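Q: Please see the structure below; I have some questions.
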Amino acid sequence: QIPETYAGEYAAYLQSLVDSAVFTDGFVTSEMATKANSDIEALELAISAEKDSILFYYGMKEIMPQRAQPTVNKILTEEKSHLRQLSELKKGLADI
4 QIPETYAGEY
14 AAYLQSLVDS
24 AVFTDGFVTS
34 EMATKANSDI
44 EALELAISAE
54 KDSILFYYGM
64 KEIMPQRAQP
74 TVNKILTEEK
84 SHLRQLSELK
94 KGLADI
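According to the working numbering, the sequence shown is numbered sequentially starting from 4.
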């Protein structure tokens with residue numbers, strides 16, 4: 004595997020990929036939100052985006068060197084937490 008040229012190179016690379024591949028752009032997020040006809044539908048869109056993000060990071064994890072694994076694992080933990088929070092919100096709204 005190719006060594007990092009500078010400390011944090013893989014983390015920076017991951018972030019640039021995320022910025023271009025995962026729904027972090029404000030315009031994309033707003034466009035998605037305007038398509039939602041209800042709070043539940045908005046949460047379903049957000050849940051779908053989180054799932055896509057998790058799949059993306061699992062794919063990245065497979066191609067990253069071993070020393071980058073802790074960074075990817077930390078991001079995956081965050082994304083899974085977001086997914087749980089959104090799922091709980093959706094369940095709470097469905098119970099109303």
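Don't be surprised by glycine CBs; every beta carbon is placed ideally from N, CA and C.
Note that the structure is predicted; figures quoted are calculated from it, not measured.
Within this structure, are the beta carbons of Leu96 and Leu46 separated by less than 8 Å?
A: Against the sequence shown, residue 96 aligns to sequence position 93. Against the sequence shown, residue 46 aligns to sequence position 43. Contact: yes.
Q: Among the residues of its own chain, which have a CB less than 7 Å from the CB of Ala14, if the five just before and after it don't count?
A: Numbered from 1 along the sequence shown, position 11 holds the residue referred to as residue 14. The answer, listed in chain order, is Thr74.
Q: How many Å lie between Glu53 and Glu12 at the Cα?
A: Your numbering for residue 53 matches position 50 in the sequence shown. Your numbering for residue 12 matches position 9 in the sequence shown. Cα to Cα, the separation comes out at about 24 Å.
Q: Classify Ser19 as helix, strand or coil using the three-state DSSP reduction.
A: In the sequence shown, residue 19 corresponds to position 16, counting from 1. Reduced to three states, the DSSP call for Ser19 is helix.
Q: Give me the residue from Thr37, Glu44, Ile50, Gln18 with the minimum Cα distance to Leu89.
A: Here the question's residue 89 lines up with position 86 in the sequence shown. Considering only alpha carbons, the answer is Ile50.
Q: I need the DSSP call for Ala97, collapsed to helix, strand or coil.
A: Stepping through the sequence shown from its first residue, residue 97 is reached at position 94. Three-state result, Ala97: helix.
Q: Could you give the residue range of the alpha helix (DSSP H) that holds Gly62?
A: Taking the sequence shown and counting its residues from 1, the one referred to as residue 62 is at position 59. Start and end: 42-66.
Q: Measure from the alpha carbon of Ile78 to the alpha carbon of each residue in Glu91, Tyr61, Pro68, Arg87, then state which is nearest.
A: Taking the sequence shown and counting its residues from 1, the one referred to as residue 78 is at position 75. If we check each option's Cα against that of Ile78, Tyr61 comes out closest.
Q: Since Leu86 contacts Ile57 with CB under 8 Å, what's their CB separation in whole angstroms?
A: If you number the sequence shown from 1, residue 86 lands on position 83. If you number the sequence shown from 1, residue 57 lands on position 54. Yes, they are in contact, since the Cβ atoms of Leu86 and Ile57 sit about 7 Å apart, within 8 Å.
Q: Find the nearest neighbour of Ala10 within the set Glu81, Lys83, Arg70, judged by alpha-carbon distance.
A: In the sequence shown, the residue the question calls residue 10 occupies position 7. Of the candidates Glu81, Lys83, Arg70, the one whose C-alpha sits nearest the C-alpha of Ala10 is Arg70.
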